[in-house]
Structures are given as structure tokens and as C-alpha cells.
Amino acid sequence: MFEEAQYFAPVATKDDGSVVVELATSHPGFADAVYRQRRNAIAALALGHTPGDPIPTAEYTDEEHHVWALVTKELAVKHQKYAVREFLDATKRLGLPEDRIPQLQEVGDLLEPLTGFRYLPAAGLVPLREFYGVLADGLFHSTQYIRHHSVPLYTPEPDVIHEVIGHANTLASPRFAALYRAAGRAARRVETDEALEFVSKVFWFTLEFGVMREDGEVRAYGAGILSSYGEIEEFRGMDIRALDLTAMGTTHYDITKYQEVLFEAASFDHLEDTVGTFWDTCDDDTIARLLAASSA
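Be aware that the sequence shown starts at 1, since it is given in the working numbering, and climbs by one per residue.
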């Protein structure tokens with residue numbers, strides 16, 4: 001329900017050096033002074049991090065660990081029913097803790113031996129070119145905060161549950177990790193904003209909200225679906241279309257609600273052959289031709 005790297009509460013650094021996360025009045029934690037102070041402190045950790053150094057530890061509360069444990073338990077049941085085998089196998093290999101929120105440093109330590117990926121802490125908005133570009137280096141920008149405890153099965157923004165249960169489990173698969181890296185190389189290769197947006201939309205409709213035919217059923221592999229307690233129950237009822245690069249790169253989507261249009265890969269091989277090859281070979285000219293053909 002949110003655009004990776006874009007749909008974050010704004011983060012501001014005041015004249016006195018203090019960091020403030022500007023939550024909307026509709027945010028579940030807006031009126032919770034304690035939660036807001038914790039959001040500010042966690043954002044400050046990310047802003048103070050130097051790439052290459054260990055990721056600062058976020059001191060989570062018992063209440064926050066409880067939210068993680070609850071959502072992990074509920075999503076695990078849904079994953080068995082709706083997720084592709086590659087995701088389920090990768091989840092077992094990664095072995096995230098079920099009863100507490102793992103630190104991002106810990107997640108990277110688990111991931112690196114499997115696929116070479118590590119995490120970078122993000123306070124909030126990460127520019128598109130930077131967010132996607134570092135994927136080529138095996139790095140993934142992630143928030144450290146967790147959703148408000150009053151609505152544990154909902155978040156209006158990408159929190160650590162989305163970033164880790166959705167993306168880290170996916171990144172534990174060498175095949176999926178290779179696609180993330182290919183997307184990163186494509187983001188670095190293209191120069192125009194239009195081409196970068198096209199690359200990011202293909203990412204959105206695949207690694208965020210992709211579905212795949214497996215054993216005669218439509219199953220999910222996109223991290224946005226697999227980390228959403230509500231959306232994972234609804235995706236099979238959406239307008240599911242065949243995988244199509246031009247359509248994915250030009251289809252408008254609304255970040256504030258469940259995705260109404262999804263694109264289905266016929267198999268993992270189909271996903272790699274179509275999307276992986278596109279990211280491996282695309283440039284500004286090839287994307288310009290695709291855009292021109294879509295408007296002809």
C-alpha cells in the first residue's frame with residue numbers, strides 16, 4: 001500500500017540538531033507522544049550512520065517486540081497458503097527471530113552468507129536513484145521503526161515488518177537477489193528521469209507486488225503483498241494481467257490503497273527471462289522506444 005523509497009513521513013533536522021518525524025494527523029501514532037519520541041530517536045540513528053560502520057542498535061520496547069511477534073505469526077500462516085515456494089524456502093534459510101524485532105545489523109549478518117546482501121538504515125525518504133542504485137552493490141535501504149501498537153496489522157508506511165519480513169526473506173533467495181541486483185544496475189545505467197521511473201514501476205509490479213502461477217494457482221512473491229496482512233487475502237481478486245514490460249512501466253498505481261492491477265508471471269523462469277533480461281539490457285533508448293510504442 002505504499003511506494004517503496006517514496007511514501008515516508010517527512011524527517012526534518014531542526015536548528016538545534018534535533019530530528020523530528022512529521023507524522024500526518026491521520027497516522028495511528030500521531031497523538032502518542034511516547035511513540036513520536038521513539039520515531040524521532042530511531043530516525044536520528046539512521047541519519048547519524050556512516051556507511052560501512054555497524055548499524056546503530058534501536059532499543060525496542062516489549063510492546064514493539066509483541067507487535068513483531070503477533071504479525072510474524074499471522075503472516076506465517078498466510079505465507080503457507082499464498083506465497084511462492086521460493087519465498088517459503090528462503091524464509092526457512094534466513095531464520096528470522098519470531099519473538100522479537102531483529103536489528104538491521106543482525107539481518108545483514110544472516111543475509112550476507114546466503115546472497116551477499118546487507119542493509120542500510122533509512123530515516124525516511126531515500127531518493128529513487130540512490131534507493132534502487134545501491135541494490136547493484138547488494139545493499140538495501142530499510143527503516144528501523146515499527147508500526148503503532150494500536151493497529152498491529154496495519155501500517156500507512158513501510159516499517160521494519162515490511163522491510164524485513166517482506167524484503168529480507170525475499171533477498172535470502174539467490175534467484176530473487178539476482179533480480180534485485182539487476183534492477184539496481186538498470187537504475188544506475190539509465191540517465192533520464194523517465195527511464196528511471198519506468199525501471200521503478202517494473203520493480204513495483206514485480207518485486208513489490210508481483211504474482212506468479214505455481215501449481216495451477218496464483219501465488220504472491222512481491223514483498224508488498226507478502227508483508228500485508230490484509231492485501232495478501234485480497235490479491236487473487238484483483239485485475240490480474242499477463243506479465244508485460246510496457247504495461248508495467250506505464251501503468252498508474254495508487255499508493256494509498258490495495259493494488260487493483262497486478263501482473264502475473266507464468267513461472268519463475270518467465271519472470272527471470274522477461275524482467276531480468278530487461279533490467280540487464282535496458283537503457284534510455286530502449287525505454288524511450290517502449291514509451292513511444294505505448295502512446296502510439
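A virtual CB, placed ideally from N, CA and C, is assigned to each residue, including glycine.
These numbers were taken from a predicted model, which means no experiment stands behind them.
Per DSSP, the unbroken beta strand (DSSP E) holding ARG118 starts and ends at 118 to 121. If you draw a 10 Å sphere on the C-beta of GLN37, you find fewer than 16 other C-beta atoms in it, and that means exposed. For ALA12, the enclosing beta strand (DSSP E) stretches over residues 11 to 13. In the DSSP annotation of this structure, the continuous segment of the alpha helix (DSSP H) that includes VAL67 starts and ends at 62 to 82. Each residue's CA atom was taken as its position, placing PHE87 and GLU264 some 16 Å apart. Here DSSP, grouped into helix, strand and coil, assigns HIS162 to helix. About 13 Å separates the Cβ atoms of ARG85 and ALA172, ruling out a contact at the 8 Å cut-off.
THR57 is classed as exposed because its beta carbon has fewer than 16 other beta carbons within 10 Å across all chains shown. Straight-line spacing of the CA atoms in ALA182 and PHE268 works out to 15 Å. Counting C-beta pairs with one atom in each stretch, the stretch 126 to 134 and the stretch 184 to 199 have three or more that are closer than 8 Å, which means they touch.
Burial check for HIS252: the Cβ neighbour count within 10 Å stays below 16, so the residue is exposed. Judged by DSSP in its simplified three-state form, ALA172 adopts coil rather than helix or strand.
PHE87 has no beta-bridge partner at all, per DSSP.
Apart from the 5 residues on each side of it in sequence, ASP99 sits with its Cβ closer than 6 Å to the Cβ of ALA69 in its chain, given in chain order. In its chain, beyond the 5 residues on either side, GLU98 have a beta carbon closer than 8 Å to the beta carbon of LYS73. Apart from the 5 residues on each side of it in sequence, VAL202 sits with its Cβ closer than 8 Å to the Cβ of ALA183, LEU245, MET248, GLY249, VAL275, PHE278 and TRP279 in its chain, given in chain order.
Taking all protein chains in view, the Cβ of ASP159 is crowded by 16 or more other Cβ atoms within 10 Å, so the residue is classified as buried. Secondary structure note for MET212: it is in no alpha helix (DSSP H), and the uninterrupted beta strand (DSSP E) holding it is 211 to 214. For a cut-off of 8 Å, the C-beta gap from VAL71 to LEU139 is around 25 Å, too long to register as a contact. GLU231: member of the alpha helix (DSSP H) spanning 231 to 234, first to last residue.
Distance from the CA atom of ALA90 to the CA atom of ALA177, rounded to whole angstroms, is 11 Å. Relative to PHE117, the option among VAL151, ARG175, ILE161 and ILE146 whose CA is nearest is ARG175. Comparing alpha carbon positions, the residue from ASP32, ARG39 and PRO28 closest to SER18 is ARG39. The continuous alpha helix (DSSP H) containing GLU106 extends over residues 104 to 115.
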